[in-house]
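S.K.: As they're listed, the protein sequences go chains A and B. Here the working numbering = 1-based position in the first sequence + 4. Here the working numbering = 1-based position in the second sequence + 4. Every residue, glycine too, gets a C-beta built ideally from N, C-alpha and C. Pasting in a structure now, in structure tokens, and then I'll have a few things to ask.
There are 2 protein chains.
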Amino acid sequence: MSLKVVVIGGVALGPKAACRLKRVVPDAEVTMVDASKLISYGGCGIPYYVSGDVSDHKQLQETSFHMVRDEKFFQSCKDFKVMTETRAQSIDRKAKTVLVQSKDGAQSTLPYDKLILGTGSTPRRLPIPGRELGNVFNVATLDEAIRIKDQVAAGSVGSAVIVGGGFIGLEMAESFADMWGIETTVVEVADQIMPGFLSPSMAAIARKHLEEHEVTVHTSEMVQAIEGEDGKVARVVTNKRTINADLVILAVGVIPNDTLAREAGLLCSDRGGIIVSKTMQTSDPDIYAGGDCVVIENLVTGKLGYYPLGSMANRQGRVIGTNVAGGRETFDGALGTFIIKLFDYGFGGTGLSLPVALREGFDAFSTQVIMSDHSHFFPKHDMVSLEIVVERPSGRVLGLQGACHNGDSLKDRIDAMAAILKYRPTLRDVANMELAYAPPYGSAMDVLNAAANAAENILTGLCSPIPPDQFARLWENRAKENLLCIDTREWGNAEPYVTRHPDHWKNIPQGQIRQRLGEIPKDRKIVLLCNAGNRSYESQIALRQAGFTDPVNLQGGMGFIKQTGFDPGKDD
Amino acid sequence: MSLKVVVIGGVALGPKAACRLKRVVPDAEVTMVDASKLISYGGCGIPYYVSGDVSDHKQLQETSFHMVRDEKFFQSCKDFKVMTETRAQSIDRKAKTVLVQSKDGAQSTLPYDKLILGTGSTPRRLPIPGRELGNVFNVATLDEAIRIKDQVAAGSVGSAVIVGGGFIGLEMAESFADMWGIETTVVEVADQIMPGFLSPSMAAIARKHLEEHEVTVHTSEMVQAIEGEDGKVARVVTNKRTINADLVILAVGVIPNDTLAREAGLLCSDRGGIIVSKTMQTSDPDIYAGGDCVVIENLVTGKLGYYPLGSMANRQGRVIGTNVAGGRETFDGALGTFIIKLFDYGFGGTGLSLPVALREGFDAFSTQVIMSDHSHFFPKHDMVSLEIVVERPSGRVLGLQGACHNGDSLKDRIDAMAAILKYRPTLRDVANMELAYAPPYGSAMDVLNAAANAAENILTGLCSPIPPDQFARLWENRAKENLLCIDTREWGNAEPYVTRHPDHWKNIPQGQIRQRLGEIPKDRKIVLLCNAGNRSYESQIALRQAGFTDPVNLQGGMGFIKQTGFDPGKDD
Chain A
5 MSLKVVVIGG VALGPKAACR LKRVVPDAEV TMVDASKLIS YGGCGIPYYV SGDVSDHKQL
65 QETSFHMVRD EKFFQSCKDF KVMTETRAQS IDRKAKTVLV QSKDGAQSTL PYDKLILGTG
125 STPRRLPIPG RELGNVFNVA TLDEAIRIKD QVAAGSVGSA VIVGGGFIGL EMAESFADMW
185 GIETTVVEVA DQIMPGFLSP SMAAIARKHL EEHEVTVHTS EMVQAIEGED GKVARVVTNK
245 RTINADLVIL AVGVIPNDTL AREAGLLCSD RGGIIVSKTM QTSDPDIYAG GDCVVIENLV
305 TGKLGYYPLG SMANRQGRVI GTNVAGGRET FDGALGTFII KLFDYGFGGT GLSLPVALRE
365 GFDAFSTQVI MSDHSHFFPK HDMVSLEIVV ERPSGRVLGL QGACHNGDSL KDRIDAMAAI
425 LKYRPTLRDV ANMELAYAPP YGSAMDVLNA AANAAENILT GLCSPIPPDQ FARLWENRAK
485 ENLLCIDTRE WGNAEPYVTR HPDHWKNIPQ GQIRQRLGEI PKDRKIVLLC NAGNRSYESQ
545 IALRQAGFTD PVNLQGGMGF IKQTGFDPGK DD
Chain B
5 MSLKVVVIGG VALGPKAACR LKRVVPDAEV TMVDASKLIS YGGCGIPYYV SGDVSDHKQL
65 QETSFHMVRD EKFFQSCKDF KVMTETRAQS IDRKAKTVLV QSKDGAQSTL PYDKLILGTG
125 STPRRLPIPG RELGNVFNVA TLDEAIRIKD QVAAGSVGSA VIVGGGFIGL EMAESFADMW
185 GIETTVVEVA DQIMPGFLSP SMAAIARKHL EEHEVTVHTS EMVQAIEGED GKVARVVTNK
245 RTINADLVIL AVGVIPNDTL AREAGLLCSD RGGIIVSKTM QTSDPDIYAG GDCVVIENLV
305 TGKLGYYPLG SMANRQGRVI GTNVAGGRET FDGALGTFII KLFDYGFGGT GLSLPVALRE
365 GFDAFSTQVI MSDHSHFFPK HDMVSLEIVV ERPSGRVLGL QGACHNGDSL KDRIDAMAAI
425 LKYRPTLRDV ANMELAYAPP YGSAMDVLNA AANAAENILT GLCSPIPPDQ FARLWENRAK
485 ENLLCIDTRE WGNAEPYVTR HPDHWKNIPQ GQIRQRLGEI PKDRKIVLLC NAGNRSYESQ
545 IALRQAGFTD PVNLQGGMGF IKQTGFDPGK DD
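Pasting the structure below:
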């Protein structure tokens, strides 16, 4: 008798698991049910559909060879049955059946030998009035995306407010502002955008870049109500202001759909999410789960975490398909690797950002570097900014974040780090990582190697750093702190700063530092700086040799910090 | 008393080691000697200087902040002495001195506590007549590159022959053909270009691409003489033809400069190259060596290998600097990671190619995949072709090669693999690698994950593959072999092939395969194919389920093999 398998959920994990299973056990009887009409679409592509980069929503449902993944496709090409607009109501684990109900109310009972749960996630609901008004959206499904695009394409949206400065919120902000010229405002309750993912310094770069592209960003601000007229949204009220809005996107995160599993008595996390083993089995070994409805181990912290990402769901889906077919595949856990395109910048990361590492109890520090992605002498190149997060005193690398105009170049460095994070690498492993090098694509000493070297210099005490955000605060209080910046670049670079701030900015090019030690006051707070932090680091060594032990070095130099909007050499 | 250190060699390793040492021990007395006038240049940039991408040779000597790295720079910024045009003659290990001789013949003796050898490499000399003729070059030094560029810029070079189809040879070929319109021929003695690096399939793609850009490529061909007129080169004579040439580049590899070390009694490999420990110490613990003059462990095979790469030298230089300063840093070994730009394609790899793996005694196989670098629905994307090399039956991944028009995207996948190769990853590690994903930069299931999955399907017997090069040979003998290709794409894709080759090409779209099993002959050699190998793989499963066990699947599909020039659907 052939293996009977029921799959609940038809996006990402479900189809992947079902297809894989059918390849290993072709005569398995598989039935996939989904509550929606549209299934198996690339949900991560929704912002690009709204922006118009992807012209037809069908493209998000298509295979790379342009076949739409609908019920018919799965039947003819993948040889299994799909029931859309059919909701799973309950699981009877003793009888091994699932009760489902179709759109017209008809119920049926599906028997299973093995059951796969890919029930996904639901947008987190904000407990505020007005969220039921017209033109208030979540962007959780393709249906909703189609309605949003119809609105903006009709030209009826002049202003939009996005509640939540996470991935989906910011991607939607770009799509509104860039492609449709909509006056767009992002409201984020945390004190930075992409909290928990980007470090404060990287988030500052992202924020400035959004603002340069006419997106208004309000952080540390809470939405209290959505107000409307004639049943349609008109304004968003925060604890600080009222913002006009023809359309509102609520993008404050998602929560795992674990109710079905919970009601069936499967083990779930108190904080939400089905608990699974490394083989992706729930507490009932005949029931597998994966994707947005489960929690899995974070490979850096060892703790359970929630990773609602389409790519994760796809890889887990294959593991489930293999195991349901009788295999013994495992999925070790997650790192939280991410990348996002915001206008002309890519931002990405893997592992822990510094705030998260500290919150998790690590004795951690981070440092910033900036370097060319390709050889600096090669005509086509972009600067890559990286921040590496390190545990003290072990030198274990906990995470990496970065920004670059060339997102492919950024992804390269993030992915190389993501690849080794599960092996608990130390700085030595990253410093000597053998990345592919040719001048059109890299540097002899890659920016990733350089980041590890910079961190090691701090760890071993060779370099006394000041991070960009601390320096910006110090600069604000420069008079009170009696701050003197020593600019170790050549005069041409230093001149605008020295001219504008003669009391707080002094130029001593690196090559002259040993001869001009007498000019350096011993009673002032001294920050050494240059373009990227290297010449000033070497100057710091010369100063230390001469007995100046207090000066600190601006990590990442002016090249990094300028991206955050800090530039005292510029006209106000 | 301060630490006295002598560094022999002023390119890549030497300067890096000296600078690092001076940062850790600022009062060390360091002297660096080099036989040339020009030092510390980016040798890998030479082809781009010749092409004109880099307009001034000084750019190759400059730091990222445009300071030329000459004697004066090292003295003022790095605080150590450089003696150019000074050749190290011998090492007296007992007295701990180095005898050096300057250009004018003056000799001096430099005492050392620690000695660093960065003596580099020398182009391998071909034992053929005529190599002393004018306009026969090696491209080993910047001086030589300047002379080449002066020649081509003067317009006196109409044709060029490049002997050797390795990195430098091919980069020079591009630079001649692309920027200067010179009639360019590459002669390679092996049966493919980039032997030992690219797999035969990838090399076929590279060759076709070179030919499309007017570079003539002759493989399996040996240069026997260079002939000239009036002391200048005029022709290159091979075992197959005579080729006119106004200029010849000999680029048949380099050999380590280990004579100085050998004469000083330091342990060297029989095949050339100084032997060093993981701390980069020679058999004399007071003498360190690195870069192009040493052999180090290959991290995949465990055997000694030779890796003359500027990036390797830079990383080793830092390890040496740290250790000479009293540290305990190690350099584990090398993977042979590489990338090269050839016109509009990037080609790269890490670890072992299939021919090398087999030669090293591994029971290895490889498979090819082709997929979009970004989400296929995102407007900007390029196809990435990968070939993954795997050990049987362990599933250990031994190497990866690839090709893509977007070299940054290719480097991303190569680097992610390079990052983990030293941890002896299996297919499972690569299949579940958590790469950064967003539609503008990647796919939910990355091409690298897909390569591992495809290989695993072969390893576990789910897929019976035929690699592209074997299929091309089979097609040549299609009549004799009674070959029938079953094209599982839709009719629109299959039509030109079926029309042109009705006896050997049949169309059954994947969605119809289960209904049309009766049309598949049991007495013919059957190859299943589609665009990328996925639909045909699923069709293979359907066929097997119906009892057809012999059909094989074209790995990488028509998308991969077409890049090698194989396309029976096209007009001849």
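Comparing alpha-carbon positions, which option in S6/B, M284/B, A177/B lies nearest E187/B?
M.R.: What you label residue 187/B is simply residue 183 of the second sequence in a count that begins at 1. Considering only alpha carbons, the answer is A177/B.
S.K.: Compare the C-beta of R437/A against all C-beta atoms of chain B and say whether one is closer than 8 Å.
M.R.: One-based indexing of the first sequence puts residue 437/A at position 433. A quick correction: the sequence has Met, not Arg, at residue 437/A. Answer yes: the Cβ-Cβ gap between M437/A and chain B drops below 8 Å somewhere.
S.K.: Which residues of chain A have a Cβ atom closer than 7 Å to the Cβ of K27/B, listed in chain order?
M.R.: For this step, residue 27/B is matched to residue 23 along the second sequence. Rather than Lys, the amino acid found at residue 27/B in this sequence is Arg. Under the 7 Å cutoff, chain A gives L466, E542, I545.
S.K.: Please confirm whether K85/A has its beta-carbon closer than 8 Å to some beta-carbon of chain B.
M.R.: Residue numbering aside, residue 85/A sits at position 81 when the first sequence is read from its first letter. No, no contact with chain B.
S.K.: Suppose contacts are defined by Cβ-Cβ distances below 8 Å. Is L466/B in contact with V28/A by that definition?
M.R.: Taking the first residue of the second sequence as position 1, residue 466/B is located at position 462. Taking the first residue of the first sequence as position 1, residue 28/A is located at position 24. For L466/B and V28/A, yes; Cβs fall inside 8 Å.
S.K.: Quick one: does N261/A have its CB under 8 Å from some CB of chain B?
M.R.: Taking the first sequence and counting its residues from 1, the one referred to as residue 261/A is at position 257. No, N261/A does not count as interfacial toward chain B.
S.K.: Applying the criterion that 16 or more other CB atoms from any shown protein chain within 10 Å of the CB defines a buried residue, is M387/B buried or exposed?
M.R.: In the second sequence, the residue the question calls residue 387/B occupies position 383. Under this definition M387/B is a buried residue.
S.K.: Let me check one thing: in DSSP terms, what residues is L404/A bridge-paired to?
M.R.: Start at 1 with the first residue of the first sequence, and residue 404/A comes out as number 400. Paired residue(s): T354/A, I392/A.
S.K.: For S179/B, which option in Y52/B, D117/B, I253/B has the closest C-alpha, if you only look at C-alpha atoms?
M.R.: By 1-based counting over the second sequence, the position of residue 179/B is 175. It is Y52/B whose Cα lies nearest to the Cα of S179/B.
S.K.: Please list the terminal residues of the continuous alpha helix (DSSP H) segment that includes E460/A.
M.R.: The sequence position of residue 460/A within the first sequence is 456, counting from 1. Counting along the chain, the alpha helix (DSSP H) containing E460/A begins and ends at 451–463.
S.K.: CA-CA distance, L487/A and M562/A?
M.R.: On the first sequence, position 483 is the one that residue 487/A refers to. On the first sequence, position 558 is the one that residue 562/A refers to. Spanning the two alpha carbons is a distance of roughly 16 Å.
S.K.: Please name the residue in S447/B, Y116/B, T305/B, M198/B whose C-alpha comes closest to that of A4/B.
M.R.: Here chain B comprises residues numbered 5 to 576, so residue 4/B is not present and cannot be evaluated.
S.K.: Distance check for P513/B and T492/B, CA to CA, integer angstroms please.
M.R.: The residue given as residue 492/B occupies position 488 in the second sequence. The residue given as residue 513/B occupies position 509 in the second sequence. Going by the C-alpha atoms only, they are around 4 Å apart.
S.K.: Closer than 8 Å by beta-carbon distance: list the chain A residues that pair up with T341/B, in chain order.
M.R.: On the second sequence, position 337 is the one that residue 341/B refers to. Chain A residues near T341/B: E438, L439, A440, Y441.
S.K.: Please work out which residues of its chain come closer than 6 Å, Cβ to Cβ, to S315/B, disregarding the five sequence neighbours upstream and downstream, and give them in chain order.
M.R.: Position 311 of the second sequence, counted from the start, is the residue given in the question as residue 315/B. Closer than 6 Å at Cβ, skipping near neighbours: no residue.
S.K.: What does K345/B reach in chain A if we use C-beta pairs closer than 8 Å?
M.R.: Mapped onto the second sequence, residue 345/B falls at position 341. Under the 8 Å cutoff, chain A gives A442, P444, Y445.
S.K.: Could you tell me which chain B residues have their CB closer than 7 Å to the CB of I418/A, listed as they occur along the chain?
M.R.: Taking the first sequence and counting its residues from 1, one reaches residue 418/A at position 414. Residues of chain B passing the Cβ test: A440.
S.K.: Could you tell me whether the Cβ atoms of C23/B and K85/B are closer together than 8 Å?
M.R.: Taking the second sequence and counting its residues from 1, the one referred to as residue 23/B is at position 19. Taking the second sequence and counting its residues from 1, the one referred to as residue 85/B is at position 81. Contact flag unset, no.
S.K.: Pair every Cβ in the stretch 395–408 of chain A with every Cβ in the stretch 363–372 of chain A, then say whether three or more of these pairs are closer than 8 Å.
M.R.: As far as the Cβ criterion goes, the stretch 395–408 of chain A touches the stretch 363–372 of chain A, which means the pair count is three or higher.
S.K.: Beta-carbon of P500/B versus every beta-carbon of chain A: anything under 8 Å?
M.R.: As a working note, residue 500/B is residue 496 in the second sequence. It does not; no Cβ of chain A falls within 8 Å.
S.K.: Any residues in the stretch 34–48 of chain B with a beta carbon nearer than 7 Å to a beta carbon of chain A? Which ones, in chain order?
M.R.: So the list reads G46, C48, given in the order they occur along the chain.
S.K.: Below 9 Å on C-beta distance, what does S413/A contact in chain B?
M.R.: Counting from one through the first sequence, the residue named residue 413/A turns up at place 409. Within 9 Å Cβ-Cβ: D412, K415, D416.
S.K.: Since N583/B is in the beta strand (DSSP E), which residue starts that stretch and which ends it?
M.R.: What the structure shows of chain B is the stretch from 5 to 576, and residue 583/B is not part of that stretch, so it cannot be assessed.
S.K.: Excluding sequence positions up to five away, which residues of its chain have a Cβ less than 7 Å from the Cβ of G124/B?
M.R.: On the second sequence, position 120 is the one that residue 124/B refers to. Hits under 7 Å: G13, V15, N261, G295, D296, C297.
S.K.: Go through its chain and collect everything with a Cβ distance to C48/B's Cβ below 6 Å, but skip five positions before and after it.
M.R.: Within the second sequence, the letter at position 44 stands for residue 48/B. Hits under 6 Å: G314.
S.K.: Looking at the C-beta of E523/A, does it have a partner C-beta in chain B at a distance below 8 Å?
M.R.: Sequence index remark: in the first sequence, residue 523/A carries index 519 (1-based). Cβ-Cβ to chain B under 8 Å: no for E523/A.
S.K.: Since G399/B contacts E460/B with CB under 8 Å, what's their CB separation in whole angstroms?
M.R.: Stepping through the second sequence from its first residue, residue 399/B is reached at position 395. Stepping through the second sequence from its first residue, residue 460/B is reached at position 456. Correct: roughly 7 Å between the Cβ atoms.
S.K.: Residues of the stretch 509–539 of chain B in Cβ contact with chain A at a cutoff of 8 Å, in chain order, please.
M.R.: Answer in chain order: Q514, G515, Q516, R518, C534, N535, A536, R539.
S.K.: So, for L439/B: in the same chain, excluding its five sequence neighbours on each side, which residues have a beta-carbon less than 7 Å away from its beta-carbon?
M.R.: By 1-based counting over the second sequence, the position of residue 439/B is 435. Only A420, G446, D450, L452 meet the Cβ criterion.
S.K.: With 16 as the cutoff for other CB atoms within 10 Å, does N243/B come out buried or exposed?
M.R.: On the second sequence, position 239 is the one that residue 243/B refers to. Flag for N243/B reads exposed.
S.K.: Within 10 Å of its beta-carbon, does Q559/B have 16 or more other beta-carbons around it, so buried, or fewer, so exposed?
M.R.: As a working note, residue 559/B is residue 555 in the second sequence. Counting Cβ neighbours within 10 Å, Q559/B comes out buried, since at least 16 surround it.
S.K.: Which of helix, strand or coil does DSSP assign to E480/B?
M.R.: Here the question's residue 480/B lines up with position 476 in the second sequence. Reduced to three states, the DSSP call for E480/B is helix.
S.K.: Counting only beta-carbon separations shorter than 8 Å, does S68/A have a partner in chain B?
M.R.: Counted from its first residue, the first sequence places residue 68/A at position 64. Output row for S68/A: interface = yes.
S.K.: Say the cut is 7 Å; is the CB of Y441/A nearer than that to a heavy atom of the ligand PLP?
M.R.: As for the ligand PLP, it is missing from this structure, which has no ligand bound.
S.K.: Check the C-beta distance from F201/A over to S357/A and give it rounded, since I have them as a contact under 8 Å.
M.R.: As a working mapping, residue 201/A is identified with position 197 in the first sequence. As a working mapping, residue 357/A is identified with position 353 in the first sequence. 7 Å between Cβ atoms; contact.
S.K.: In whole angstroms, what is the alpha-carbon distance linking L254/B and Q405/A?
M.R.: Here residue 254/B is taken as the residue at index 250 of the second sequence, counted from 1. Here residue 405/A is taken as the residue at index 401 of the first sequence, counted from 1. Each residue's alpha carbon lies about 44 Å from the other.
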